[in-house]
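Engineer: Going down the list, the sequences are from chains R and A. Residues are numbered in this note's numbering as their position in the first sequence, beginning at 1, plus a constant of 50. Residues are numbered in this note's numbering as their position in the second sequence, beginning at 1, plus a constant of 24.
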Amino acid sequence: MDVKTHQFDVVVIGAGGAGMMAALYASRGAKTAVISKLYPTRSHTGTAQGGIGAALANLDEDHWEWHAFDTVKGGDYLTDQNAAETLAREAIDAVIELELMGLPFDRNPDGTISQRRFGGHTNNQTKKPVRRACHAADRTGHMILQTLYQNCIKEKVTFFDEYQAIDLITNNGKACGVAAVCIDDGEIHVFHAKAICFATGGWGRLWETTSNAHSLTGDGPALVWRAGLPLQDMEFFQFHPTGLYPVGLLITEAVRGEGGVLINDKGERFMERYAPTIKDLASRDVVARSIYLEVQAGRGIGGKRYVHLDVRPETVNRYLAEAGEDRRVDADYILSKLPDITDFCHTYLGIDPTKSPIPIQPTAHYGMGGIPTDLNAAVLSSGAGTVVPGLYAAGEVACVSVHGANRLGTNSLTDLIVFGRKAGKAMADYARQADFVPLPTNPAGKIIAEIERIRKSSGKTKPYMIRQEMQKVMMDHVSVFREAPGLQKALDTVRELKSRYQDDLAVDDRGMRFNTDLLEAWELGCMLDLAEITTLSAMERKESRGGHSREDYPKRDDVNFLVHTMAYPEKGGIRIAHDRAVDLSLGYQPAERVY
Amino acid sequence: MKVKFRIRRFNPEVDKKPYWGEYTLDNVEPTDRILELLHRVKWEQDGTLTLRRSCAHGVCGSDAVRINGVNKLACKVLVKTLDLKDGGQVQVEPILGLPVVKDLVVDFEPFFDHYRTVMPYFMPATPRPGDGRERRQSPEDRARFDDTTKCILCACCTTSCPSFWASGEYVGPAAIVNAHRFIFDSRDGATQERLNILSEESGVWRCRTIFNCTPACPREIEVTRAIGEVKLAIQRNGR
Chain R
51 MDVKTHQFDV VVIGAGGAGM MAALYASRGA KTAVISKLYP TRSHTGTAQG
101 GIGAALANLD EDHWEWHAFD TVKGGDYLTD QNAAETLARE AIDAVIELEL
151 MGLPFDRNPD GTISQRRFGG HTNNQTKKPV RRACHAADRT GHMILQTLYQ
201 NCIKEKVTFF DEYQAIDLIT NNGKACGVAA VCIDDGEIHV FHAKAICFAT
251 GGWGRLWETT SNAHSLTGDG PALVWRAGLP LQDMEFFQFH PTGLYPVGLL
301 ITEAVRGEGG VLINDKGERF MERYAPTIKD LASRDVVARS IYLEVQAGRG
351 IGGKRYVHLD VRPETVNRYL AEAGEDRRVD ADYILSKLPD ITDFCHTYLG
401 IDPTKSPIPI QPTAHYGMGG IPTDLNAAVL SSGAGTVVPG LYAAGEVACV
451 SVHGANRLGT NSLTDLIVFG RKAGKAMADY ARQADFVPLP TNPAGKIIAE
501 IERIRKSSGK TKPYMIRQEM QKVMMDHVSV FREAPGLQKA LDTVRELKSR
551 YQDDLAVDDR GMRFNTDLLE AWELGCMLDL AEITTLSAME RKESRGGHSR
601 EDYPKRDDVN FLVHTMAYPE KGGIRIAHDR AVDLSLGYQP AERVY
Chain A
25 MKVKFRIRRF NPEVDKKPYW GEYTLDNVEP TDRILELLHR VKWEQDGTLT
75 LRRSCAHGVC GSDAVRINGV NKLACKVLVK TLDLKDGGQV QVEPILGLPV
125 VKDLVVDFEP FFDHYRTVMP YFMPATPRPG DGRERRQSPE DRARFDDTTK
175 CILCACCTTS CPSFWASGEY VGPAAIVNAH RFIFDSRDGA TQERLNILSE
225 ESGVWRCRTI FNCTPACPRE IEVTRAIGEV KLAIQRNGR
C-alpha cells in the first residue's frame, strides 16, 4: 500500500477543546497540524452543558485556593495538589481568554460573566455552595467548541478532518510520528513530527449506559499503551449521577445548580441523608452511589432502576424557602437557563421538565485516569516522572492528575483550556529547540498489516456482538460498585472477547472508501485493551476512594493506597504498580470526606 | 413492531448508480431513535451501510439525513413520531445538494467552504480591557444574538433550501446564521465587512424566503428570521 508522508513541527490528534486550544498556541510558534476522526465541531466537548469552573468571584466571594481545595477534596485526596493549584489559578485567566476570543457567556446585570452553583464547589469557610460555574445557558461546551474552531479558522490552523490516528510511531523511545487513515479514501498517511499531542478525549463507550458519543472509544490511550507506555489511574471512571433514563444521555448538574432536587419513590429528597450540608450538590461519586443505594433498597421510582430529578418551579421554590433563600424561580427562568435539557426531555421522553420530574440514572461519563503527564502536559513513561521526549497529552485523555479519584463538575472544561494551552506552549518551545527524530524504516508497516487483517477477517463474530458483551460486563461489574468476584468475571470475559476479536472477527466491508465497518472494528480493539487495563487496575486497588467503590473494601485506605495506579505493558501482559506518589504540596492532608 | 427500511445506497467503488436497499427490522420499540435502527441494520445485517454519527443526542450535528423526505438528525427522530403501522416503511436518504461520498455520507467541504467565507469569528470592536478582565456586555445585548449561537453546523437548513439546490454558489442559510451570530454581537467590530460579503451575488439575496430552513433546524433556530435581519441590516448599512 502507498503511504503518503507529511512533515509538521507539531501534530495534535483530536480537535475538541484541548486539541484546538493546544493547536492555537502551538501554531503561533511552530508549523502545526490537527488530525481528527471527526469534523472539529462534532467533538464531544460540544456536549458539555453546565459550565466551566473559575473563581471569578463575579457574584459570590471566591478564591482560587477554595477552588483548588474543592478539587482536591472532590478527588478524594488522590488529586495531585500542584495540578489542582495550576488548574484553579489559571482557570480565571483561561475563562477571561475565552471571553476575549468571543465566547458568548451568559451575563450578569453589570455585564460580567454569569456564574452558578455546581456540585462540590463551595465557600471553604461556610461550606455552602458558591457560584463558580461560568456558563452559556446549558450549552457551555458547545460555545467553547465553536469559539475555538472559529479562532482556529481566524488563525489559519491546518486541519486534517476525518483522518483517524491508528498508530503512534516511536524511534529509540522518542515519539516521532503518527499513522492515520484518511477515512474518505482509506489511504494511510504518516505524519512525521517533532512533537505530538494526544487530545482524543474519553472512552465511555466501554460501558452499556453512557453519556459519551459513539466516537469515544479510547483510541488515544490505546495507541500510547501499544507504544509501550503506561496508563495511570484507569480504575477511576466517573458515573455521572443524572443520565436520562433509559438512554443515558447527560442531564447537566446545572439542573441541581439551579435548584433541582433528587426524589425517590417515597417522595423523599434522599440526598439530605447522604450529604446533609450541600445535599444534591455533593460530589458526583457521592450522588451516584446514593442513587444506587436508593434503587437497591427498593426506593427507585415504581421499583425500577431510576429516581426523579425534579426541577419544577414549585418544588425548587419550596426547597429554596426551606433553606431560607430569597430567590424564587418560574418556568420561564428554568427554560432560559436550561433550554437544551428541556429539548432533550421533550424529544426523548415527551415530557416538560417544568411540569414533570425527569427520570434519571447514573451514566458512564468521564475518565479521571489516562495518559500520565506532568504539569506541562508532557507524557511520562514511569511513576518516577520520566518524560517521553516529544510526546504530550491534554484534556480527558490525559491524567495530570488533577481530578484524582473523582472529577468535580465544570472542571473538565477548565482542564481542557488550562492544560490544552500548556501543551500548545510547551510543544512550540520544544519544536524550536528539537530536531526531527528520523522515522524508522517502513514506519506504517505493522499497522497496515493489522488494518488489512481486520479488513480481510472472515470469522463468525461481528464486532457489535463483542462490543455489546464487553459493555454489559463492564456495566454489571466495573461501574459504580465493584467487588472481587465481579471484577474477576469481567476480566475473564474481556480476555475471552479479546481472543475472539483476534481469531473470529467478521467484517463485511472490504472496501477502501469511508469504511466505517473496518474502523469501528479497529476501535473495538482499543476498547478491549482499555477494558482489561481498567478491570485489572480496579482489582488491585483494594480500598474505596472517589469513583472506585469496592463493596469488599468499603473504606478508604490512605496507608496503602494514597498513591496513583500505574499500569505498564509488559511481555504482552499488564503489570500493575502503585509507584507514582500523590503530590501534597498545597498541604491539604487527607481528611474524612463529608458534604 | 416490525419496520421496513428503504435506504438510498451508493458506493462509487462498486456501484454504477445509486439504488434503494431494503431491510426489515423486528422488535422495534416506539421510543427507538432512527439512528439506533440504522445501526441495527449496519451491525446486524449489512456492515457496508455507511453513515456518520457521534453524540447520538442532537448536539454534534453529524447525522443529518432525509427521513421520509424531510431533513432531520437521525438521533432526534423517534419511531413513534413517524406514525407507522406495524410493518410500516421508513425511507432514509442523504441530504440533498452536496455530493454523495458513500451511502448516507455526503461531502461537507463545500458546506464548510461557504461557512469560512463569512468571517465566522470574533473581530473585537474595542481593545482588551486594561484591568485584565472580560469585556462587559449587557444581558439585553447578549440576548440579541442568542438564537444563532445555537447552530451546530449540521447542514439541515442549507440542504433543505431550494435556492441552494439550484446553485451551490449560494452561501446558504447556515453560513448566514453564523454571520448573524457576529453581526448582532455588540462586542464585534466587523459588521460592515460581513454585510459586504453577504450582499454579493452569492449572499443573502439568493434567499427567496421559502422558509424550508426554519422547520429543518433541529436546534429550532429561526433561520429565515435571521436571514431577514441580515437583509435588513444590509439595507440599513449596519446592525
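Glycine included, every Cβ here is placed at the ideal spot set by N, Cα and C. Please read these numbers as outputs of a predicted model, since none were measured by experiment.
(1) Is the separation between the beta-carbon of leucine 97/A and that of proline 242/A shorter than 8 Å?
(2) Measure the alpha-carbon distance for alanine 249/R versus serine 462/R and round it to whole angstroms.
(3) Does DSSP put isoleucine 384/R in a helix, a strand or coil?
(4) If the cut-off is 9 Å on Cβ atoms, which residues from the stretch 145–156 of chain A count as contacting chain R, listed in chain order?
(5) Just list the residues that DSSP pairs aspartate 360/R with in beta bridges.
(6) Identify the residues that DSSP records as bridge partners of glutamate 46/A: which are they?
(7) Can you check DSSP and say which residues form a bridge with leucine 281/R?
(8) Bridge partners of tyrosine 213/R, per DSSP?
(9) I want to see whether chain A comes within less than 8 Å of glutamine 200/R, judged by CB atoms only; does it?
(10) Grouping DSSP H, G and I as helix and E and B as strand, with all else coil, what is glutamate 375/R?
(11) Output, in sequence order along the chain, the residues in the stretch 160–183 of chain R whose CB is closer than 8 Å to any CB in chain A.
(12) Chain R beta carbons: is any one of them nearer than 8 Å to that of leucine 177/A?
(13) Would you mind giving the Cβ-Cβ distance between alanine 588/R and valine 528/R, rounded to the nearest angstrom? I have them listed as a contact below 8 Å.
(14) At 8 Å on the CB atoms, spell out the chain A contacts of glycine 561/R, in chain order.
(15) Any chance the stretch 474–489 of chain R sits against the stretch 213–224 of chain R, with 3 or more Cβ pairs inside 8 Å?
(16) Answer with yes or no whether the minimum CB distance from proline 163/A to chain R is below 8 Å.
(17) Going by the C-beta, is histidine 185/R closer than 7 Å to any heavy atom of the ligand FMN?
(18) Might you give, ordered along the chain, the residues of its own chain that have their beta carbon closer than 8 Å to the beta carbon of proline 186/A, omitting 5 neighbours on each side?
(19) Determine the direct distance from the alpha carbon of leucine 279/R to that of phenylalanine 241/R, and round the result to whole angstroms.
(20) With 8 Å as the limit, tell me which residues of the stretch 493–526 of chain R have their beta carbon closer than that to any beta carbon of chain A; keep them in chain order.
(21) With a threshold of 6 Å on Cβ separation, who are the neighbours of cysteine 84/A within its own chain once the five nearest residues in sequence on each side are excluded?
(22) Between which two residues does the beta strand (DSSP E) harbouring serine 451/R extend?
(23) Does DSSP put phenylalanine 235/A in a helix, in a strand, or in coil?
(24) In chain order, what are the residue ranges of uninterrupted beta strand (DSSP E) at least 3 long that sit wholly in the stretch 33–111 of chain A?
(25) Anything in the stretch 83–111 of chain A with a Cβ closer than 8 Å to a Cβ of chain R? List those residues in chain order, please.
(26) How is phenylalanine 119/R classed by DSSP in three states: helix, strand or coil?
(27) Along chain R, in chain order, which residues have C-beta atoms closer than 9 Å to that of threonine 173/A?
(28) Which same chain residues, not among the five before or five after cysteine 576/R, have their C-beta less than 6 Å away from its C-beta?
(29) Within 8 Å of any Cβ in chain R, is that where the Cβ of cysteine 79/A sits?
(30) Nearest to tyrosine 43/A by CA position, among Gly252/A, Leu73/A, Asn51/A, is which residue?
(31) CB asparagine 132/R to CB leucine 425/R, shorter than 8 Å?
(32) Can you tell me which of Lys354/R, Lys206/R, Glu149/R puts its alpha carbon nearest to the alpha carbon of tyrosine 75/R?
(33) Among Val228/R, Asn201/R, Glu212/R, Gln214/R, which residue has its Cα nearest to the Cα of aspartate 59/R?
(34) So, does the CB of aspartate 4/A fall closer than 8 Å to a CB anywhere in chain R?
(35) Output needed in chain order: residues of the stretch 87–99 of chain R with a Cβ under 8 Å from some Cβ in chain A.
(36) Taking the DSSP output, what are the residues bridged to aspartate 212/A?
Structural biologist: So, from the listed chains and residues:
(1) Yes. Within cutoff.
(2) Cα to Cα, the separation comes out at about 13 Å.
(3) Assigned with DSSP and collapsed to three states, isoleucine 384/R falls in helix.
(4) Cβ contacts with chain R: Tyr145, Phe146, Met147, Pro148, Arg152, Pro153, Gly156.
(5) Answer is Val311/R, bridged to aspartate 360/R.
(6) For glutamate 46/A, which the question treats as bridged, DSSP gives the partners Arg30/A.
(7) For leucine 281/R, which the question treats as bridged, DSSP gives the partners Ala617/R.
(8) Per DSSP, Cys232/R.
(9) Among the CB atoms of chain A, one or more fall inside 8 Å of the CB of glutamine 200/R.
(10) The answer is coil: DSSP assigns glutamate 375/R none of H, G, I, E or B.
(11) Of all residues in the stretch 160–183 of chain R, Asp160, Gly161, Thr162, Ile163 have a Cβ within less than 8 Å of some Cβ in chain A.
(12) At least one chain R Cβ lies under 8 Å of leucine 177/A.
(13) Contact annotation, alanine 588/R with valine 528/R: C-beta distance approximately 6 Å; criterion of less than 8 Å satisfied.
(14) By Cβ distance, chain A contributes Asn35, Glu37, Val38, Thr72.
(15) Taking a cut-off of 8 Å for Cβ pairs, the stretch 474–489 of chain R and the stretch 213–224 of chain R touch, as three or more such pairs fall below it.
(16) So, interface residue.
(17) This structure lacks the ligand FMN, and indeed carries no ligand of any kind.
(18) Arg232, Ile234, Asn236, listed in sequence order.
(19) Phenylalanine 241/R and leucine 279/R have their C-alpha atoms roughly 20 Å apart.
(20) Taking 8 Å as the Cβ-Cβ cut-off against chain A, the residues of the stretch 493–526 of chain R that qualify are Lys512, Pro513, Tyr514.
(21) Correct list, in chain order: Ser78.
(22) Counting along the chain, no beta strand (DSSP E) covers serine 451/R, and no H or E run does either.
(23) Coil at phenylalanine 235/A, not helix or strand.
(24) Secondary structure remark: continuous beta strand (DSSP E) runs of at least 3 residues inside the stretch 33–111 of chain A, in chain order: 43–49, 88–91, 94–97.
(25) Answer set for the stretch 83–111 of chain A: Val83, Cys84, Gly85, Ser86, Lys100, Leu102.
(26) Looking at phenylalanine 119/R - three-state DSSP - the assignment turns out to be helix.
(27) Result: Pro154, Ala186, Ala187, Arg189, His192, Met193, Gln196.
(28) Within the same chain, cysteine 576/R has close Cβ partners Thr267, Gly268, Asp269, Ala272.
(29) Among the residues facing chain R, cysteine 79/A is included, as its CB has a counterpart in that chain under 8 Å away.
(30) Ranking the options by Cα distance to tyrosine 43/A, first place goes to Leu73/A.
(31) Yes, Cβ-Cβ distance for asparagine 132/R and leucine 425/R is below 8 Å.
(32) For tyrosine 75/R, the closest alpha carbon among the candidates Lys354/R, Lys206/R, Glu149/R is that of Lys206/R.
(33) Closest in C-alpha terms to aspartate 59/R, from the list Val228/R, Asn201/R, Glu212/R, Gln214/R, comes Val228/R.
(34) Residue 4/A lies beyond the stretch modelled for chain A, which goes from 25 to 263, so this question has no answer here.
(35) For the stretch 87–99 of chain R, residues whose beta-carbon sits nearer than 8 Å to a beta-carbon of chain A comprise Leu88, Tyr89, Thr91, Arg92, Ser93, His94, Gly96, Thr97.
(36) Under DSSP, aspartate 212/A takes part in a beta bridge, and its partners are Pro148/A.
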